[in-house]
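Each protein sequence line maps, in turn, to chains R and S.
Each residue of the first sequence is one higher than the last, beginning at 1 in this note's numbering.
Each residue of the second sequence is one higher than the last, beginning at 1001 in this note's numbering.
Glycine included, every Cβ here is placed at the ideal spot set by N, Cα and C.
One structure is given below, encoded as structure tokens.
Protein chains: 2
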Amino acid sequence: MRFTSQTSTDGVTERSFTLGELPGVLWTPDDAEPGALILIGHGGGQHKQAPGVVARAIRLAAYGFAAAAIDAPAHGDRPKTAEHDQIITEMRARMSGAGDPLPLLAEFHALLAAQTVPEWRSVLDALGNLGPVGYWGMSLGCALGIPLVAAEPRIRAAVLGLSGTSSASAEAAAGVAVPVQFMMQWDDELIPREDALALFDALASGEKTLHANPGKHGDVPAFEADSALRFFARHLG
Amino acid sequence: MRFTSQTSTDGVTERSFTLGELPGVLWTPDDAEPGALILIGHGGGQHKQAPGVVARAIRLAAYGFAAAAIDAPAHGDRPKTAEHDQIITEMRARMSGAGDPLPLLAEFHALLAAQTVPEWRSVLDALGNLGPVGYWGMSLGCALGIPLVAAEPRIRAAVLGLSGTSSASAEAAAGVAVPVQFMMQWDDELIPREDALALFDALASGEKTLHANPGKHGDVPAFEADSALRFFARHLG
Chain R
1 MRFTSQTSTD GVTERSFTLG ELPGVLWTPD DAEPGALILI GHGGGQHKQA
51 PGVVARAIRL AAYGFAAAAI DAPAHGDRPK TAEHDQIITE MRARMSGAGD
101 PLPLLAEFHA LLAAQTVPEW RSVLDALGNL GPVGYWGMSL GCALGIPLVA
151 AEPRIRAAVL GLSGTSSASA EAAAGVAVPV QFMMQWDDEL IPREDALALF
201 DALASGEKTL HANPGKHGDV PAFEADSALR FFARHLG
Chain S
1001 MRFTSQTSTD GVTERSFTLG ELPGVLWTPD DAEPGALILI GHGGGQHKQA
1051 PGVVARAIRL AAYGFAAAAI DAPAHGDRPK TAEHDQIITE MRARMSGAGD
1101 PLPLLAEFHA LLAAQTVPEW RSVLDALGNL GPVGYWGMSL GCALGIPLVA
1151 AEPRIRAAVL GLSGTSSASA EAAAGVAVPV QFMMQWDDEL IPREDALALF
1201 DALASGEKTL HANPGKHGDV PAFEADSALR FFARHLG
């Protein structure tokens, strides 16, 4: 792992890194050893430094946690393959009315998950011990996070959501056993309500809690950011 | 309103009162004016000083809120009419396997609600201004609370749940416009899952948030008590 740049603002240090070809960012509190490390999986079409990712990372670091984000395959600074391009083009056509995009979305997510799960695990290896590990990911970040959380025993708690059985793997969800806070939007225009409920249902976790709020895919209320922080503090703090 | 007894423990004063024939309890913090008043609706077969009611009231008072509870009709120190007895006997038979108890439960709740809604309103009149008002009620406390919250403009936020459209009024829920936190148990043996989701759906509130947790009717996790307190603090504090 090679750190390529470093800035510090308001008590939080942000460092860009590369691990082989993989680009990522690590946020740490300046004034103390981190109490935990939260991996942040960005949403579809976003990247490791999308405004929502950075805002969440800074909030976590201000609380005393480290946070890390990487670009998912075909996102941010990472190349798209011909196969990625083909699926994305077809998905956009379907989202404009030419059919149901969900089966293609599921196929795309499965393709990316096969690649990103070992990548995240190599990041954990390279970062070393920054405390107990949590994962936060909505939408694409949930679809890719579920197989990661199922496969990686160092991850001890996860905030997931904005996804459903039609765009994420219910089989992988049945392998998730750690505490999960699962977010859904009651009027999500992308994820059918019953698919989101079915994905929550499929999680094998003994402690899992569903938070549903009115509004569309992008309308998760601001108070849920505090709620996620308290969830991690309860399980990792 | 006549206060009939008073005790003070650990900074919280508990006073029993009667308002006409109606018996109730008021909890207040000793060291400050209450920041808000939370009405607590007890569960079926319980009463105004059931352990869960008292524990919640003390927690609220420790935070700086007043709390009040009354016995629902046919509960606690209040008489059962012949009609109550008949419904309860038949409900118990059905819960032991002699048919579906839910239609009778809905009928029982409607009967009690018609009586308890004006009772709660008279309690609010008699208590005077103790700050903005919230309502907390699960199960029976939800079924009776929904028509109260819909009817009483002094109530500005409510924590409801452990109920569904088969045992509470969806029509009344469509009259609830204040922020609601709605609790459901994912494996509730009394309330069908789809009925609970439908009752949440029926609430007209612009801000409503569903918290679903695994387990049966009585298994709401302890961390949701903090969550309810934060909800009231956010809306009334």
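Query raised in the report: Does any CB atom of chain S fall closer than 8 Å to the CB of Lys80 (chain R)?
Result: no
**Report entry** Contact set between His1075 (chain S) and chain R, taken where Cβ atoms lie within less than 8 Å
**Finding:** Going along chain R, no residue has its Cβ under 8 Å from His1075 (chain S), so there is no contact; the nearest lies around 30 Å.
Requested in this report: Check Glu152 (chain R) in the structure and name its three-state DSSP category.
Outcome: coil
Requested in this report: With a cut-off of 8 Å on the beta carbons, I'd call Ile1038 (chain S) and Trp1136 (chain S) a contact; round off their distance for me.
Outcome: 6 Å
Query raised in the report: Exposed or buried, Gln1181 (chain S), counting other C-beta atoms within 10 Å across all chains shown (16 or more means buried)?
Result: buried
Requested in this report: Taking C-beta pairs closer than 7 Å, name the residues in chain R that Phe1223 (chain S) reaches, listed in chain order.
Outcome: Arg234
Query - When R:Ala66, R:Ala158 and R:Val25 are compared against Tyr47 (chain R), the one with the closest alpha-carbon - result: The amino acid occupying residue 47 (chain R) in the given sequence is His; Tyr does not appear at that position. Of the listed residues, the one whose Cα sits closest to His47 (chain R) is R:Val25.
Report task. Starting from the Cα of Pro1214 (chain S), find the closest Cα among R:Thr209, R:Gly218 and R:Ala55 and give me that residue. Result -> R:Thr209
Query raised in the report: Shorter than 8 Å from the beta carbon of Lys1216 (chain S) to some beta carbon of chain R?
Result: no
Report task. Using a Cβ cut-off of 7 Å, pull out every chain S residue sitting near Lys48 (chain R), in sequence order please. Result -> By Cβ distance, chain S contributes nothing, its closest Cβ being about 29 Å from Lys48 (chain R), past 7 Å.
Report task. Report the residues of the segment 1143-1163 of chain S with a CB closer than 7 Å to any CB of chain R, ordered along the chain. Result -> none
Query raised in the report: At least one CB of chain R closer than 8 Å to the CB of Leu1210 (chain S): is that the case?
Result: yes
Query - CB contact flag (Gly175 (chain R), Ala150 (chain R), <8 Å) - result: yes
Query raised in the report: Could you give the uninterrupted runs of the beta strand (DSSP E) lying entirely in the segment 1163-1226 of chain S, keeping only those of 3 residues or more?
Result: 1180-1185 and 1208-1213
Report task. Using 10 angstroms around the beta-carbon of Phe1232 (chain S), count the other beta-carbons present and answer buried if the total reaches 16, otherwise exposed. Result -> buried
**Report entry** Contact check, Ala168 (chain R) vs Ala204 (chain R), beta carbons under 8 Å
**Finding:** no
Query raised in the report: Which residues share a DSSP beta bridge with Ala1074 (chain S)?
Result: Looking at the DSSP assignment, Ala1074 (chain S) forms no beta bridge with any residue, so it has no partner.
Query raised in the report: In three-state DSSP terms, what is Ser1139 (chain S)?
Result: coil
Query raised in the report: Which residues in the same chain have their Cβ closer than 7 Å to the Cβ of Pro1221 (chain S), if we skip the five residues on either side of it in sequence?
Result: Asn1213
Query raised in the report: Would you say Asn129 (chain R) faces chain S, with C-beta separation under 8 Å as the test?
Result: no
Report task. From the DSSP output, read off the bridge partner residues of Trp1027 (chain S). Result -> S:Glu1014 and S:Ala1067
Query raised in the report: In this structure, does DSSP put Gln6 (chain R) in helix, strand or coil?
Result: strand
Requested in this report: Compare the Cα-Cα distances from Leu1130 (chain S) to each of S:Ala1067, S:His1235, S:Arg1002 and S:Ala1062 and report the closest residue.
Outcome: S:Ala1067
Query raised in the report: Where does Ala1050 (chain S) sit, in a helix, a strand or coil, going by DSSP?
Result: coil
Query raised in the report: Along the chain, which unbroken stretches of the alpha helix (DSSP H) at least 4 residues long are found entirely within the segment 1086-1151 of chain S?
Result: 1102-1127 and 1140-1151
**Report entry** Nearest-angstrom Cα separation, counted from Gly1020 (chain S) out to Thr165 (chain R)
**Finding:** 56 Å
Query raised in the report: Taking the beta strand (DSSP E) that Gly41 (chain R) falls in, what are its first and last residues?
Result: Leu37 to Gly41
**Report entry** Beta-carbon proximity list for Thr13 (chain R), same chain, < 6 Å, skipping 5 on both sides
**Finding:** Thr28 and Asp30
**Report entry** Inter-residue CB distance, Arg1154 (chain S) and Leu1124 (chain S) (contact presumed, cutoff 8 Å)
**Finding:** 6 Å
Query raised in the report: Just how far apart, CA to CA, sit Asp1010 (chain S) and Ala114 (chain R)?
Result: 57 Å
Report task. Taking Met1001 (chain S) as the reference, give the member of S:Glu1171, S:Ala1158, S:Gly1161 and S:Ser1122 with the closest Cα. Result -> S:Ser1122
**Report entry** Thr116 (chain R) burial status per 10 Å Cβ neighbour count (16 or more: buried)
**Finding:** buried
Requested in this report: For Arg59 (chain R), collect the residues of the same chain with a Cβ closer than 7 Å to its Cβ; drop the 5 residues on either side in sequence, then sort them by chain order.
Outcome: Ala225 and Leu229
Query raised in the report: By Cβ distance, which residues of its chain are closer than 7 Å to Gly1044 (chain S), with the 5 residues on each side in sequence left out?
Result: Ser1139 and Leu1140
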